[in-house]
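Here the structure comes first, spelled out in structure tokens, and everything after it is commentary.
In the numbering used here, the protein residues as written are 434 to 566.
Structural data, given as structure tokens:
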């Protein structure tokens, strides 16, 4: 609830394939609100949001093909980075979406490889890692 504050008003934004854009502005100008609207974690009061010609209004956040990366880490401190047998930070969302264990583990291993997270580090809790890790 923004108490009658209009965070985003009359915006038209179009990006071409492989085009990169940066939102810049002072604190409170609506950058995060715009991203939250596109991702579907904030409801729009009016207007339409399209991505690749598909109207996103009313489509749940998990089905939009858009992800948010939070400034503060959205990690569960009681879970390991990754654990094949239990819920973990890396697998939680995929387990909720009922991914098959083999595919889930392959995906998690691929993500850890890309991020340079060794198996040794995957067994740790988030608070034992540095921000870069």
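Virtual Cβ for every residue (Gly too), placed ideally from N, Cα, C. All values reported here derive from a predicted model rather than from experimental measurement.
Discussion item. Once the 5 residues before and after residue 474 are set aside, which same chain residues still bring their CB inside 8 Å of it?
Written reply: Numbered from its first residue, the chain shown carries residue 474 at position 41. Within its own chain, the residues whose Cβ lies closer than 8 Å to the Cβ of residue 474, once the five positions on either side in sequence are excluded, are 494 and 501, listed in chain order.
Item to complete: Give, in chain order, every unbroken run of the alpha helix (DSSP H) that is at least 4 residues long and sits entirely within the region 478 to 566.
Response: Listed in chain order, the complete alpha helix (DSSP H) runs (minimum 4 residues) inside the region 478 to 566 are 525 to 529, 534 to 548 and 552 to 555.
Practice prompt. Rank 492, 460, 510 and 536 by C-alpha distance to the C-alpha of residue 558 and give the top, closest one.
Written response: One-based indexing of the chain shown puts residue 558 at position 125. When each option's Cα is compared against that of residue 558, the closest is 510.
Discussion item. Once the 5 residues before and after residue 527 are set aside, which same chain residues still bring their CB inside 8 Å of it?
Written reply: On the chain shown, position 94 is the one that residue 527 refers to. Same-chain partners within the cutoff: 537, 540 and 541.
Worksheet item: According to DSSP, is residue 472 helix, strand or coil?
Response: If you number the chain shown from 1, residue 472 lands on position 39. DSSP places residue 472 in helix when its eight states are reduced to three.
Fill in: Residue closest to residue 550, alpha-carbon to alpha-carbon, out of 492, 513, 486 and 491
Within the chain shown, numbered from 1, the residue matching residue 550 stands at position 117. It is 513.
Practice prompt. Output yes or no for whether 9 Å exceeds the beta carbon distance between residue 456 and residue 468.
Written response: Residue numbering aside, residue 456 sits at position 23 when the chain shown is read from its first letter. Residue numbering aside, residue 468 sits at position 35 when the chain shown is read from its first letter. Yes. Within cutoff.
Worksheet item: Is it the case that the Cβ atoms of residue 545 and residue 523 are separated by a distance below 9 Å?
Response: Locating residue 545 in the chain shown gives position 112, where the first residue counts as 1. Locating residue 523 in the chain shown gives position 90, where the first residue counts as 1. Going by beta carbons, residue 545 and residue 523 fall inside the 9 Å limit.
Worksheet item: In angstroms, rounded to a whole number, what distance separates the CA positions of residue 444 and residue 496?
Response: Along the chain shown, one-based indexing puts residue 444 at 11. Along the chain shown, one-based indexing puts residue 496 at 63. Whole-angstrom Cα-Cα distance: 23 Å.
Fill in: Collapsed DSSP secondary structure at residue 445 in the structure displayed
Start at 1 with the first residue of the chain shown, and residue 445 comes out as number 12. In the displayed model, residue 445 falls within coil according to three-state DSSP, outside both helix and strand.
Worksheet entry | Three-state class that DSSP yields for residue 460 in the structure shown | For the purposes of this step, residue 460 is identified with residue 27 of the chain shown, where counting begins at 1. Residue state, collapsed to three classes: coil.
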